[in-house]
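Numbering (UniProt numbering), first residue to last: 1 to 421.
First comes the structure, then the notes that go with it.
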Amino acid sequence: MTNLLLEDLQWRGLLYQQTDAEGMQKLLNEESVSLYCGVDPTADSMHIGHIVPLLTLRRFQLAGHQPILLIGGATGMIGDPSGRSEERQLQTVEQVEKNVQGIKKQLERIFDFNSANGAKLANNRDWIGSMNTIEFLRDYGKLINVNYMLGKDTISSRLDTGLSFTEFAYTIIQGIDFNHLYDNLNCRIQVGGSDQWGNITTGLEVIRKTHNEEAKAFGITIPLVTKADGTKFGKTAGGAVWLDADKTSPYEFYQFWINAADSDVVKYLKIFTFLSREEIEVLDAAVQAEPHLRKAQKALAAEMTKLIHGAEGLEQAIRITEALFSGDLKALSVEEMKVAFSGVPSVKITKEDQNIIDLIVDAKISSSKRQAREDVTNGAISINGEKITDVAYTVDAKDRLEDAFAIVRRGKKKYHMVQFN
1 MTNLLLEDLQ
11 WRGLLYQQTD
21 AEGMQKLLNE
31 ESVSLYCGVD
41 PTADSMHIGH
51 IVPLLTLRRF
61 QLAGHQPILL
71 IGGATGMIGD
81 PSGRSEERQL
91 QTVEQVEKNV
101 QGIKKQLERI
111 FDFNSANGAK
121 LANNRDWIGS
131 MNTIEFLRDY
141 GKLINVNYML
151 GKDTISSRLD
161 TGLSFTEFAY
171 TIIQGIDFNH
181 LYDNLNCRIQ
191 VGGSDQWGNI
201 TTGLEVIRKT
211 HNEEAKAFGI
221 TIPLVTKADG
231 TKFGKTAGGA
241 VWLDADKTSP
251 YEFYQFWINA
261 ADSDVVKYLK
271 IFTFLSREEI
281 EVLDAAVQAE
291 PHLRKAQKAL
301 AAEMTKLIHG
311 AEGLEQAIRI
321 TEALFSGDLK
331 ALSVEEMKVA
341 FSGVPSVKIT
351 KEDQNIIDLI
361 VDAKISSSKR
371 QAREDVTNGA
381 ISINGEKITD
391 VAYTVDAKDR
401 LEDAFAIVRR
411 GKKKYHMVQF
421 N
């Protein structure tokens with residue numbers, strides 16, 4: 001089973017570095033193990049760039065191993081220098097705790113907590129928070145040589161631009177985490193992104209130096225996800241793609257995945273979804289034979305949206321997508337309209353009953369009254385999905401959704417949100 005797991009991870013492109021591939025495979029073949037991945041609560045939501053190591057941990061759980069999800073209530077107060085060119089802004093205790101609660105909810109969507117090998121949640125503030133300075137320096141600072149730390153890319157790359165002692169010491173604190181989980185939860189493997197290699201190896205060094213035995217702990221890193229065109233994965237024009245529905249709606253989340261390029265979509269299916277090798281190979285063939293049908297993109301978007309937002313979130317995303325494609329806005333609720341049109345051109349006008357011609361000119365939807373009359377009589381104007389063809393039509397309270405806005409469409413695809421105030 002374990003050989004199949006590691007082969008599958010290799011096929012999916014999820015193995016980048018391993019501290020001892022042979023030793024880890026032997027361990028996994030012999031027993032069900034606990035392994036962990038850490039998330040620092042730098043925000044109250046994770047984004048899609050965070051979840052590749054977590055999804056990899058979930059694959060281990062599906063193969064019979066037990067995941068430990070470590071939320072960095074302590075390390076989040078400090079800031080990881082890995083992959084950073086400048087110092088992080090420190091957060092308040094209250095902000096970190098709020099972030100911890102937000103991330104916990106998202107982890108509970110991805111992992112199974114109830115089976116025999118159910119996931120465990122841990123917070124490093126429980127053991128780091130009570131440690132005093134003398135303990136830290138005597139028990140752990142003494143273990144790690146400064147020259148050893150300077151050899152790490154995450155530290156050496158910051159020496160010219162500046163690195164505080166706080167961030168310099170971060171790698172030791174993460175090493176303490178691995179050692180604590182090794183001792184208390186029999187955690188044998190740490191999984192992280194490729195930028196975590198230095199922190200993972202520090203943890204192994206702490207374990208080695210605090211145990212009179214041959215080290216039996218291991219580390220794995222996951223490669224950075226890249227796009228075929230060289231642009232950064234996980235970003236849109238609007239910024240990061242968050243897991244929190246209030247930051248990135250299920251519809252926007254779905255659209256991110258369904259817009260994946262043909263050159264990227266199969267790679268994303270391997271990395272992010274739990275579809276089988278056979279299912280992905282069928283979709284790969286569809287990309288080659290009939291790319292216009294976008295079967296792979298639809299499968300990717302459906303799998304990811306359901307995983308993060310549940311069946312209800314997926315249904316809403318598909319409903320909005322289909323309504324926008326067909327132009328049938330009447331199928332949408334007011335809340336869904338808000339979500340669907342949050343990014344379209346918006347204009348504010350005075351809340352009053354107004355002739356349709358005057359309204360679309362005032363809102364700069366049509367360029368002149370002559371053009372507006374032509375647009376209406378030709379059936380090119382609709383309000384909230386209802387086509388308006390009468391130039392004498394009055395836009396009034398019945399057209400104002402929540403008495404605050406209306407969606408006006410000109411032609412087939414040009415939507416505008418008119419806000420009344």
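Ideal Cβ placement from N, Cα and C applies to all residues, glycine included.
| query | result |
| --- | --- |
| Find out if the Cβ-Cβ distance for the pair V191, C37 is shorter than 8 angstroms. | yes |
| Should T202 and I78 be called a contact, given that it needs their Cβ atoms to be closer than 8 angstroms? | no |
| Going by CA-CA distance only, name the one from L300, E303, N124 that's closest to T75. | N124 |
| Alpha helix (DSSP H) containing L121: first to last residue? | Run containing L121: none in the alpha helix (DSSP H); it sits in the beta strand (DSSP E), 120-123. |
| On the criterion of 16 or more Cβ atoms from any shown chain inside 10 Å, does I103 qualify as buried, or is it exposed? | buried |
| Taking a contact to mean a Cβ-Cβ separation below 8 angstroms, would you say I48 touches V241 in this structure? | yes |
| Taking the runs of the alpha helix (DSSP H) that are 4 residues or longer, which of them lie wholly in the region 123-201? | 125-128, 146-150, 153-156, 165-168, 170-185 |
| For D353, which residues from the same chain have a beta carbon less than 6 angstroms from its beta carbon, with the 5 sequence-adjacent residues on both sides left out? | T394, D396 |
| Looking at A228 and S263, is the spacing between their C-beta atoms short of 8 angstroms? | yes |
| Assuming K348 contacts N259 (C-beta within less than 8 angstroms), just tell me the rounded distance between them. | Not really, about 30 angstroms apart at Cβ, beyond 8 angstroms. |
| Taking the alpha carbon of C187 as the point to measure from, which residue in I207, D195, W197 has its own alpha carbon closest? | I207 |
| Do the region 107-120 and the region 63-70 make contact, defined as three or more Cβ pairs closer than 8 angstroms? | yes |
| By Cβ distance, which residues of its chain are closer than 8 angstroms to L181, with the 5 residues on each side in sequence left out? | S34, Y36, I68, L70, A122, C187 |
| Name the DSSP bridge partner or partners of M417? | S346, I407 |
| In whole angstroms, give me the CA-to-CA distance for K26 and I155. | 33 angstroms |
| Just curious, the alpha helix (DSSP H) that E315 is in, first and last residue? | 295-326 |
| Tell me which residue opens and which closes the beta strand (DSSP E) that S34 is part of. | 34-39 |
| Taking the C-alpha atoms as reference points, what is the distance between G73 and N132? | 16 angstroms |
| So, helix, strand or coil for S263, using DSSP? | helix |
| Examine the Cβ distances between the region 310-322 and the region 243-260 and report whether three or more of them are shorter than 8 angstroms. | yes |
| On the premise that R410 lies in contact with I365, defined as a C-beta separation below 8 angstroms, what is that separation, rounded to the nearest angstrom? | 5 angstroms |
| Can you look up G76 in the DSSP assignment and give me helix, strand or coil? | helix |
| Look up residue 431 in the DSSP assignment and say whether it is helix, strand or coil. | For residue 431 there is no data in the structure shown, the boundaries of the chain being 1 and 421. |
| Report yes if the C-beta distance between I407 and L329 is below 8 angstroms; otherwise report no. | yes |
| With 16 other CB atoms within 10 Å as the buried threshold, where does D177 fall? | buried |
| Answer yes or no: do Q17 and T171 have a C-beta to C-beta separation smaller than 8 angstroms? | no |
| What does the alpha-carbon distance come out to for the pair G343 and I128? | 43 angstroms |
| Measuring CA to CA, which of Q255, Y254, E281 is closest to K267? | E281 |
| Could you spell out where the alpha helix (DSSP H) holding K338 opens and where it closes? | 334-340 |
| Would you mind working out which of L143, G219, G193 sits nearest A21, comparing C-alpha positions? | G219 |
| Beta-carbon separation of S333 and M417 under 8 angstroms? | no |
| What first and last residue would you give for the alpha helix (DSSP H) that runs through P291? | Careful: P291 lies outside any alpha helix (DSSP H) and carries neither H nor E. |
| Only counting the same chain, and skipping five residues up and downstream in sequence, which positions put a Cβ closer than 7 angstroms to that of M46? | V39, I103, Q106, L243 |
| Within a Cβ cutoff of 6 angstroms, which residues of the same chain sit near D44, ignoring the five residues on either side of it in sequence? | K98, N99, G102 |
| Quick one: give me the first and last residue of the alpha helix (DSSP H) that K26 is part of. | 21-30 |
| With which residues is L243 paired in a DSSP beta bridge? | For L243, which the question treats as bridged, DSSP gives no partner whatsoever. |
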